[in-house]
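*Asks:* Structure incoming, see below.
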Amino acid sequence: MEKNDPCNRHLFRRYPGLIGKLPWMPLADLPSPVQKLEKLGEHLGVTDLWMKRDDLNSTLYAGNKPRKFEFIFAEALARGSDEIVTMGSAGSNHGAATCLFCCRLGLQPVLAVSPQPVLSYVRQNILVDCHCQAKFLNAGNEVSASLKIMAYFLKARLAGRKKPYFMYFGGSSRAGNVGFVEAGLELAAQIARGEVPLPRYLFVTTGSCGTHAGLLVGLRLAELPIEVIGVRIVPKVVTNRPVVAAHANRLAEYLRGLEPSIPAMRFNARDIHLLDDFYGGQYGRPTPEGKAAIRLLAETEGLPLDPTYTGKSFAGMLAFLKRQNITREPVLYWQTLNGVPLQDRQAAVPPADLAPPLRRYFEAPLYDPEL
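For what it's worth, this note's numbering labels the leading residue of the sequence shown as 3, then goes sequentially.
Right, here's the structure in full:
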């Protein structure tokens, strides 16, 4: 089967009526493997602890973004767009991933960015953005970022440029969320092949909600009784149970609108399991629990986590397993962190040459020098 064949993806094989209706392009190396965390499980007294290794699903930039981008970038190109406009914190992983895939596909990345704590990975990602010649719309907060994006689209229209494509932060649009419907079906196939036992619990980082919502829909299509537990890493006003349910419902309706053979489904807020105690009060602020989780996984399995996303969600999983005294039931953690080194994809830009809103991330001391 050729790489560009949609039937490389479970969703198109299961519902061939989607072919030609749902834009898609191959950007991820799938399936990503599953790995038993033997040493960590022994340390915790959990006999069946597994990780879905999405940190290995691309040689450009791995993690949860390539799955979403297979559908987002295909939709953008189908519309004739030559710019991708998105938003997030300065130095975000989402921004860096967007820039790298824009570079590969010949698109212009435009990032509306708002402040976050100064961490080493933030500096690295800003240099990746510069390497990809991103345009920056610097904003003081998320509301200001939204207004700057609206103004950018208006200017583009008045100038007669091709319509830029707007990507919701985190890539959690209808198109992007389809990537994790596919992920749920991919996991179902791995379970059927005996590569991993049927998990009782599946833990995932929940930020912009698309990864969580897509998995809910994909696992419902696969008829798997897996309890998806999200760990919130952004403010509650942004991410909460009704918001996750709304994302899942819009996604299910979107797919069914394209292909009537897809069964109808409905999610209520009470169906959503979300752990709220691991955010830390500010986006990007490291927490003691997250730092401890990072150290523990590195010491036992030699695998990385990060302080903003996966360290916090892994800490949430560890606390849940301890609180519920989980020892024998199969548990799966979905790794959403990029595992590709980015040192050779950073611009050699002296901090003094950066615009002041970005320069401060190199002039200010690190929020936490350990990370």
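From the three backbone atoms N, C-alpha and C, an ideal C-beta is built for every residue, glycine too. Everything numeric in this text was worked out from a predicted model, so none of it was measured.
According to DSSP, Tyr167 sits in a beta bridge with which residue or residues?
*Replies:* Answer by DSSP bridge pairing, in chain order: Ile86.
*Asks:* Got a sec: does the ligand SAH put a non-hydrogen atom nearer than 7 Å to the Cβ of Val124?
*Replies:* Ligands are entirely absent from the displayed structure, and the ligand SAH is therefore not among its contents.
*Asks:* Between which two residues does the alpha helix (DSSP H) containing Ala354 stretch?
*Replies:* First-last for Ala354: undefined, no H or E at that position.
*Asks:* Cα-Cα, which of Ala247, Leu149, Arg81 and Glu44 is closest to Thr88?
*Replies:* It is Leu149.
*Asks:* Residues in the same chain with beta-carbon distance under 7 Å from Arg222, minus the five sequence neighbours each way, listed in chain order, please.
*Replies:* Met267, listed in sequence order.
*Asks:* How many Å lie between Tyr170 and Gln118 at the Cα?
*Replies:* The straight-line gap from Cα to Cα measures roughly 18 Å.
*Asks:* Among the residues of its own chain, which have a CB less than 6 Å from the CB of Ile193, if the five just before and after it don't count?
*Replies:* Here the set comprises Leu200.
*Asks:* Would you call the CB atoms of Gly178 and Gly212 closer than 8 Å?
*Replies:* Taking 8 Å as the Cβ cut-off, Gly178 and Gly212 qualify as a contacting pair.
*Asks:* DSSP three-state label for Gln326, please.
*Replies:* It is coil, neither helix nor strand.
*Asks:* Starting from Arg268 and walking both ways along the beta strand (DSSP E), at which residues does that stretch end?
*Replies:* No beta strand (DSSP E) contains Arg268, which DSSP labels as neither H nor E.
*Asks:* Can you check which of these residues, Phe182, His133 and Val112, is closest to Ile151 by C-alpha distance?
*Replies:* Ile151 has its Cα closest to that of Val112, out of Phe182, His133 and Val112.
*Asks:* Any idea what DSSP makes of Met53, helix, strand or coil?
*Replies:* Strand at Met53.
*Asks:* Give me the Cα-Cα distance between Asp84 and Ala78, rounded to the nearest whole angstrom.
*Replies:* So the two alpha carbons sit approximately 8 Å from each other.
*Asks:* Excluding five sequence neighbours on each side, which residues of the same chain lie with their C-beta closer than 7 Å to the C-beta of Leu218?
*Replies:* Here the set comprises Val230, Ala250 and Phe269.
*Asks:* Check whether the Cβ atoms of Leu29 and Leu20 lie closer than 8 Å to each other.
*Replies:* Not closer than 8 Å, so no.
*Asks:* Look at the Cβ atom of Tyr1, then the Cβ atom of Val124, and state whether they are nearer than 8 Å.
*Replies:* No answer is possible for residue 1: it lies beyond the span of the chain, which begins at 3 and ends at 373.
*Asks:* Give a yes or no on whether the minimum CB-CB distance between Asn95 and chain B is below 8 Å.
*Replies:* The displayed structure is made up of one protein chain only, and chain B is not part of it.
*Asks:* Which partner residues does Asn140 have in the DSSP bridge list?
*Replies:* Answer is Val115.
*Asks:* From His45 to Ala92, what distance separates their C-alpha atoms?
*Replies:* So the two alpha carbons sit approximately 37 Å from each other.
*Asks:* Quick one: residues in its chain with C-beta nearer than 7 Å to the C-beta of Leu376, no 5 flanking neighbours on either side, listed in chain order?
*Replies:* With the chain covering 3 to 373 only, the question about residue 376 has no answer from this structure.
*Asks:* State the DSSP-derived secondary structure class of Arg234, mapped to helix, strand or coil.
*Replies:* Arg234 falls in the strand class under three-state DSSP.
*Asks:* If you draw a straight line from the alpha carbon of Arg325 to that of Pro227, how long is it in whole angstroms?
*Replies:* Taking the straight line joining both Cα atoms gives about 22 Å.
*Asks:* Comparing alpha-carbon positions, which option in Ala114, Arg202, His96 and Leu62 lies nearest Ser210?
*Replies:* It is His96 whose Cα lies nearest to the Cα of Ser210.
*Asks:* Distance, Cα to Cα, Met3 vs Leu339?
*Replies:* Approximately 29 Å between the Cα atoms of the pair.
*Asks:* Could you pull the start and end residues of the alpha helix (DSSP H) that Thr302 belongs to?
*Replies:* Segment Pro290 to Glu303, the alpha helix (DSSP H) holding Thr302.
*Asks:* Taking Arg16 as the reference, give the member of Glu188, Val245, Leu253 and Pro343 with the closest Cα.
*Replies:* For the residues Glu188, Val245, Leu253 and Pro343, the minimum Cα distance to Arg16 belongs to Glu188.
*Asks:* Restricting to Cα atoms, I'd like to know which of Ser116, Ala271 and Val183 is closest to Ala224.
*Replies:* Minimum Cα distance to Ala224 is reached at Val183.
*Asks:* Report the partner residues of Lys41 according to the DSSP bridge assignment.
*Replies:* DSSP, once it has assigned bridges, lists no residue as partnering Lys41.
*Asks:* Taking the runs of the beta strand (DSSP E) that are 3 residues or longer, which of them lie wholly in the region 197–255?
*Replies:* Fully enclosed beta strand (DSSP E) runs of 3 or longer: 203–208 and 229–234.
*Asks:* Take Ser94 and list the residues in its own chain whose beta-carbon comes closer than 7 Å to its own, dropping the five residues that flank it on each side.
*Replies:* Answer for Ser94: Asn127, listed in chain order.
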